[in-house]
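Residue numbers (the working numbering): 2 to 629.
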């Protein structure tokens with residue numbers, strides 16, 4: 002079924018591009034060469050590479066630049082896979098999904114190391130059985146096949162269990178995406194792809210069989226003459242196995258450290274992002290929309306309606322100020338963008354000055370708490386009968402008027418010269434991690450649209466404002482109703498879902514990795530204590546007390562942990578640099594994240610080693626020496 006070209010967005014119907022003006026009152030954009038609102042989609046011919054197609058498009062763009070230098074100078078054409086295009090939400094989570102794939106691979110390695118360790122321990126417990134089978138004529142290959150078959154059954158059971166868990170939790174990832182907002186529906190179907198399932202089953206079975214191979218081979222290498230004389234130590238070559246088990250524990254601890262360090266970095270990044278102001282008020286500003294366009298309102302009627310509605314809303318109890326905006330910050334609709342011309346500024350031959358902008362009403366800056374560093378705010382008198390004006394941000398002022406006062410200067414947009422009447426502080430417009438960019442504001446009354454958002458700064462709750470707003474809208478037009486109001490903070494939080502998703506996934510898998518590593522260390526230490534009963538009993542017989550044995554066993558476990566932490570820290574210093582734009586104002590080598598990972602791993606290791614160590618102190622030396 003065709004879902005559309007915007008991955009993650011649901012559409013009910015499609016119309017020809019030529020009907021754009023029917024559904025959008027911003028004018029016929031197909032005739033506006035400066036408008037950057039459309040994307041083209043194409044299938045590459047068989048045998049044509051993406052690089053070849055991009056070269057052809059670049060040549061076309063160069064010809065257009067020569068023919069239309071005023072609008073196309075410096076413009077380039079990008080050729081991207083569908084999911085990476087700017088309007089596709091899937092492209093925004095590519096880094097997150099890539100890191101998730103690496104994390105899943107790490108957890109798989111930890112699980113495989115655990116399985117291999119358990120199979121090694123099990124083979125030691127079955128050494129008498131294997132000795133008797135070999136003594137009675139069974140071939141080594143037959144023993145390997147038997148152990149291999151047991152590993153295959155184990156992997157098949159695990160694969161079936163994994164499929165069941167995947168089915169039950171198929172919608173869990175989808176729930177991590179932001180909720181729907183008025184006019185936008187994020188729709189990622191929680192489906193299990195059979196190709197992914199087959200690959201997962203193959204990886205599960207293949208990895209289990211691979212890690213079961215070494216225990217199977219070692220179990221078949223038994224010294225029959227020694228084994229038939231005694232079932233004690235030395236039958237199967239315990240030192241080699243001990244080194245292998247220790248190496249597997251090192252792998253588990255080191256990978257767990259990498260995941261925990263990454264989780265710590267993302268947690269700090271998310272916390273700093275949440276604590277960073279976007280440059281405007283969010284908690285006490287409420288957003289709502291009245292859809293006049295669908296109600297058939299024309300421009301003149303919409304002007305009257307919005308003017309009257311603003312006056313009524315500003316008079317409501319608890320409302321401090323209110324304003325209109327064509328596009329609200331951090332919405333799924335990007336701000337407008339257009340080529341500009343600066344009076345007195347001479348661009349480079351290959352430079353096309355360009356800036357984003359938004360249409361806003363009077364009181365917009367006071368409603369959002371955006372400070373003006375120079376000039377004035379828009380007034381109601383800045384309408385179609387007044388000279389065109391604009392307010393620019395600090396970045397634009399510094400770029401085009403360095404060291405000068407831009408107030409009174411002019412800029413040209415779409416053949417209209419505007420006088421600059423104010424300079425506003427920089428704010429974020431789409432995400433908190435975006436770089437500062439040139440941006441300006443124009444009065445909505447000089448460039449009016451039928452569809453505008455209503456911004457209300459108030460002490461009331463969104464529910465209370467929705468009820469009051471509904472009454473005011475009905476008083477003006479009984480056939481209309483506003484969208485449910487929501488806080489601007491929800492818009493801001495919604496655009497940070499990539500970082501929250503990464504923290505959630507990495508936290509879950511990091512916890513799983515730590516749990517598996519703890520189990521693995523516990524199993525190794527527990528088995529080591531059970532196999533070293535004779536040594537521990539002899540030490541107690543020679544005068545060692547419970548404290549000495551406790552320290553002995555704990556020190557063995559902590560040596561393994563220390564080795565794993567050192568290896569993991571070295572790996573983490575390299576791998577965390579790949580987290581890219583997921584980190585916000587946090588160094589990939591942040592000592593706090595690495596320190597927390599060290600503390601968590603150490604505490605988990607102490608917990609894993611304590612029970613075997615405590616059991617070692619309960620050994621009866623007489624019974625231990627008698628049994629040996």
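All C-beta atoms in this analysis are idealised placements derived from N, C-alpha and C, irrespective of residue type, glycine included.
Cα-Cα, which of the options is closest to residue i?
i, options, result
"residue 443", "393, 605, 349, 558", "393"
"residue 474", "65, 173, 306", "306"
"residue 570", "380, 17, 262", "262"
"residue 615", "555, 320, 255", "555"
"residue 431", "341, 330, 523, 315", "330"
"residue 343", "435, 403, 495", "403"
"residue 114", "54, 78, 101, 211", "211"
"residue 527", "576, 618, 439", "618"
"residue 150", "209, 139, 168, 321", "209"
"residue 259", "312, 567, 169", "567"
"residue 120", "608, 389, 548, 525", "525"
"residue 498", "98, 419, 155", "98"
"residue 550", "328, 39, 540", "540"
"residue 42", "80, 48, 65, 63", "80"
"residue 364", "296, 492, 283, 456", "456"
"residue 436", "397, 325, 510", "397"
"residue 345", "272, 292, 413, 390", "413"
"residue 558", "518, 107, 286", "518"
"residue 631", "401, 296, 327, 379", "Since the first residue of the chain shown is 2 and the last is 629, residue 631 is not available in this structure."
"residue 290", "303, 281, 12", "303"
"residue 604", "515, 461, 433", "515"
"residue 112", "204, 63, 83", "204"
Enumerate in chain order the residues of its own chain whose CB-to-CB distance from residue i is below 8 angstroms, with the five nearest sequence positions on each side excluded.
i, result
"residue 351", "74, 75"
"residue 19", "31"
"residue 425", "366, 371, 372, 373, 374, 392, 393, 394, 395, 442"
"residue 170", "none"
"residue 58", "78, 80"
"residue 157", "206"
"residue 377", "422, 423"
"residue 471", "482, 483"
What are the start and end residues of the alpha helix (DSSP H) that includes residue i?
i, result
"residue 397", "395-401"
"residue 167", "141-169"
"residue 314", "300-315"
"residue 70", "70-73"
Could you name the residues that DSSP lists as bridge partners for residue i?
i, result
"residue 53", "DSSP output for residue 53 lists no bridge partner at all."
"residue 340", "355"
"residue 444", "361"
"residue 487", "288"
"residue 19", "The partner list for residue 19 (beta bridge, DSSP) is empty, contrary to what the question assumes."
"residue 329", "Its beta-bridge partners do not exist; DSSP assigns none."
"residue 392", "423, 442"
Just to confirm the assignment, what range does the beta strand (DSSP E) spanning residue i have?
i, result
"residue 417", "417-425"
"residue 463", "No beta strand (DSSP E) contains residue 463, which is instead part of the alpha helix (DSSP H) from 463-477."
"residue 459", "454-459"
"residue 586", "No beta strand (DSSP E) holds residue 586; DSSP gives it neither H nor E."
"residue 413", "411-414"
"residue 374", "373-376"
"residue 320", "320-326"
Within a Cβ cutoff of 6 angstroms, which residues of the same chain sit near residue i, ignoring the five residues on either side of it in sequence?
i, result
"residue 467", "485, 486"
"residue 298", "451"
"residue 357", "336, 338, 440"
"residue 283", "489, 490, 493"
Closer than 7 angstroms by C-beta to residue i: which residues in its own chain qualify, once you throw out the five before and the five after it? Chain order, please.
i, result
"residue 508", "264"
"residue 234", "Bear in mind that the predicted position of residue 234 carries a pLDDT of just 43, short of 50, making it unreliable; the figure below should be weighed with that in mind. Counting only Cβ-Cβ distances below 7 angstroms, and skipping sequence neighbours, we find nothing."
"residue 564", "251"
"residue 594", "262, 265, 266, 269"
"residue 69", "34"
"residue 101", "506"
"residue 587", "266, 269, 270, 273"
Legend entry - Ranges of the alpha helix (DSSP H) found wholly within the stretch 235-292, counting only runs of at least 4: 239-276
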